[in-house]
Amino acid sequence: MGFWGIEVKPNNPYPYHADNVQGKLHITQATLGLGSSTEKSILQCSIGHKKPVFLCSLLPDKIESCPLNLEFDVDDLVSFSVLGSRSIHISGFFVADDEDDLRD
Amino acid sequence: MGFWGIEVKPNNPYPYHADNVQGKLHITQATLGLGSSTEKSILQCSIGHKKPVFLCSLLPDKIESCPLNLEFDVDDLVSFSVLGSRSIHISGFFVADDEDDLRD
Amino acid sequence: MGFWGIEVKPNNPYPYHADNVQGKLHITQATLGLGSSTEKSILQCSIGHKKPVFLCSLLPDKIESCPLNLEFDVDDLVSFSVLGSRSIHISGFFVADDEDDLRD
Amino acid sequence: MGFWGIEVKPNNPYPYHADNVQGKLHITQATLGLGSSTEKSILQCSIGHKKPVFLCSLLPDKIESCPLNLEFDVDDLVSFSVLGSRSIHISGFFVADDEDDLRD
Amino acid sequence: MGFWGIEVKPNNPYPYHADNVQGKLHITQATLGLGSSTEKSILQCSIGHKKPVFLCSLLPDKIESCPLNLEFDVDDLVSFSVLGSRSIHISGFFVADDEDDLRD
Chain A
5 MGFWGIEVKP NNPYPYHADN VQGKLHITQA TLGLGSSTEK SILQCSIGHK KPVFLCSLLP
65 DKIESCPLNL EFDVDDLVSF SVLGSRSIHI SGFFVADDED DLRD
Chain B
5 MGFWGIEVKP NNPYPYHADN VQGKLHITQA TLGLGSSTEK SILQCSIGHK KPVFLCSLLP
65 DKIESCPLNL EFDVDDLVSF SVLGSRSIHI SGFFVADDED DLRD
Chain C
5 MGFWGIEVKP NNPYPYHADN VQGKLHITQA TLGLGSSTEK SILQCSIGHK KPVFLCSLLP
65 DKIESCPLNL EFDVDDLVSF SVLGSRSIHI SGFFVADDED DLRD
Chain D
5 MGFWGIEVKP NNPYPYHADN VQGKLHITQA TLGLGSSTEK SILQCSIGHK KPVFLCSLLP
65 DKIESCPLNL EFDVDDLVSF SVLGSRSIHI SGFFVADDED DLRD
Chain E
5 MGFWGIEVKP NNPYPYHADN VQGKLHITQA TLGLGSSTEK SILQCSIGHK KPVFLCSLLP
65 DKIESCPLNL EFDVDDLVSF SVLGSRSIHI SGFFVADDED DLRD
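Quick mapping for you: the protein sequence lines, in order, are chains A, B, C, D and E.
So the first sequence is numbered by our numbering: it starts at 5 and just counts up by one.
So the second sequence is numbered by our numbering: it starts at 5 and just counts up by one.
So the third sequence is numbered by our numbering: it starts at 5 and just counts up by one.
So the fourth sequence is numbered by our numbering: it starts at 5 and just counts up by one.
So the fifth sequence is numbered by our numbering: it starts at 5 and just counts up by one.
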């Protein structure tokens, strides 16, 4: 297990790779990055070439954090991207498969 | 397991189908879609012909995302719909039954 | 398992009954009902004749939804009620006992 | 299992006792009590004589509810208290140990 | 198991140590500390010398609490820090490994 976090920048989709470690990624939080724009930033997720789905919408100086609850397997091919001019930090934790076996 | 997400549009209820895969759908987030209307959009869920129940109410430029925590089986017959003029994106993840067996 | 939702109306407490099905009810969300009053509505829960405890407070046009995380057994005798003039929709899902056995 | 809820009043810390029942208390929600003060109320938790830690800060007419996720055992010696002039209701559910065994 | 909480102060990163107890720390809440500054405070987490990732952004008098959902093992080497002039209290609970075995 371990902390996991990335910064998703505008115009720079982040494809999720599990780095050859079998396990499950839990994404649990999104927080607006630094910047002066007061326009909202939307975090979205897409699978393959499907139309992206919005995960959360962050409003500068109003609501800058949002809890999430997503789980991904190593085999999932997803990509995170941002609509808007400020980045979004997403974080959570990774549980490797053998830990999971031990746990259950 | 895999990411799951749809956009529920006004006047266009979305019936949940599990596509013949036995498993459980976890719906964990709702986010307001794009648009210029400043009126709120309400996500609701109904079973059969019962009166729909509100799941969340999203307020443009105030609160545009809401965490949810719902679980559905393949046998559940539910329908999601939106009250208001802007769509609502709902997302989460699907756990197939054999994964669930492995997990527990 | 199945979706569960009700509308709790002012001046009309809702006693929880499990309808003779052994299992566990998870209540995960509360959302303000329709109406023009701008005063807050408070959802409360009471056991027997004890003083009710507030579960959430919803503010029209500010915060109209609130995540909850409550679990009830068939043997629990609780009653939900609303303080204020607008109803509150509460929702979640029911897991029957044998499903639970299968799951674990 | 059963619903659990208390009202923590200003100047009146609430020590948690498990009433000799072995089990685990899940505290999942905090909601501001009634009152006319517009100053914030902060819920805090302390262990023994350690400095209290803030659990949530509730702002009248802005944010009056907050989800929590805390688990306590019968052996934990904690005390809840409120900074501010309005009380805070905290709620959740209790799972007795033998239920827990049955469940898992 | 037991309650866990700390206050992370500006300019004073807090490295997480598990105090030689094997187990898992669940961090579930962040709340803004006292102070008169109206500028936001951001909680961030870093692993080793990697760039920190934002966990939540708290806005005085608007949003002063934020639910989190993070799990850490004894072997994780993480450090929490604050951007801004007011401290952030983080809290949750610790589950020792043998409890976890008993539970599952």
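Where a beta carbon is used, it is the ideal one built from N, C-alpha and C, also for glycine.
As the structure is a prediction and not an experimental result, all values here were calculated from the model.
Between residue i and the ligand NAD, is the CB less than 6 Å from at least one heavy atom?
{"i": "A/V12", "result": "As far as ligands go, the structure on display features none, and thus does not contain the ligand NAD."}
Taking the C-alpha atoms as reference points, what is the distance between residue i and residue j?
{"i": "D/V12", "j": "D/S45", "result": "11 Å"}
{"i": "B/F76", "j": "E/Q26", "result": "36 Å"}
{"i": "B/D79", "j": "C/V99", "result": "13 Å"}
{"i": "C/T32", "j": "C/N73", "result": "5 Å"}
{"i": "E/P14", "j": "B/K66", "result": "29 Å"}
{"i": "A/D101", "j": "E/D101", "result": "17 Å"}
{"i": "C/H52", "j": "C/C70", "result": "The displayed chain sequence assigns Gly, not His, to residue 52 of chain C. About 25 Å."}
{"i": "C/L47", "j": "D/L87", "result": "23 Å"}
{"i": "D/E68", "j": "A/A34", "result": "22 Å"}
{"i": "A/K28", "j": "E/K28", "result": "17 Å"}
How would you label residue i, buried or exposed, when you count the other beta carbons within 10 angstroms and need 16 or more for buried?
{"i": "C/N16", "result": "exposed"}
{"i": "C/S55", "result": "Ser is not the amino acid found at residue 55 of chain C; the sequence shown has Lys there. Classification of C/K55: exposed, given that the 10 Å Cβ count is below 16."}
{"i": "B/P64", "result": "buried"}
{"i": "D/G96", "result": "buried"}
{"i": "E/P19", "result": "exposed"}
{"i": "C/H30", "result": "buried"}
{"i": "A/E43", "result": "exposed"}
{"i": "C/D105", "result": "Per-residue confidence for C/D105 stands at a pLDDT of 48, beneath the threshold of 50, marking its modelled position as unreliable; no derived number is given."}
{"i": "E/D108", "result": "With a pLDDT of 43 at E/D108, under the threshold of 50, the modelled position of that residue is not reliable, and the figure given next carries that caveat. Exposed is the call here."}
Since residue i and residue j should fall inside the 8 Å C-beta cutoff, what is the C-beta to C-beta distance between them, to a whole number of angstroms?
{"i": "E/C49", "j": "A/G6", "result": "Their Cβ separation, rounded to whole angstroms, is 11 Å, which puts E/C49 and A/G6 out of contact at 8 Å."}
Does the region 86–99 of chain E touch the region 38–58 of chain E, meaning 3 or more C-beta pairs lie closer than 8 Å? yes
Three CB pairs or more closer than 8 Å across the region 58–72 of chain C and the region 76–87 of chain D: no
Return the residues of the region 65–76 of chain B that lie within a Cβ-Cβ distance of less than 9 Å from chain C, sorted by chain order. K66, I67, C70, P71, L72, N73, L74, E75, F76
Anything in the region 23–51 of chain D with a Cβ closer than 8 Å to a Cβ of chain C? List those residues in chain order, please. H30, T32, Q33, T35, L36, G37
Going along the chain, which residues of the region 79–98 of chain B sit with their C-beta nearer than 7 Å to a C-beta in chain C? D80, V82
Anything in the region 7–18 of chain C with a Cβ closer than 8 Å to a Cβ of chain B? List those residues in chain order, please. F7, G9, I10, E11
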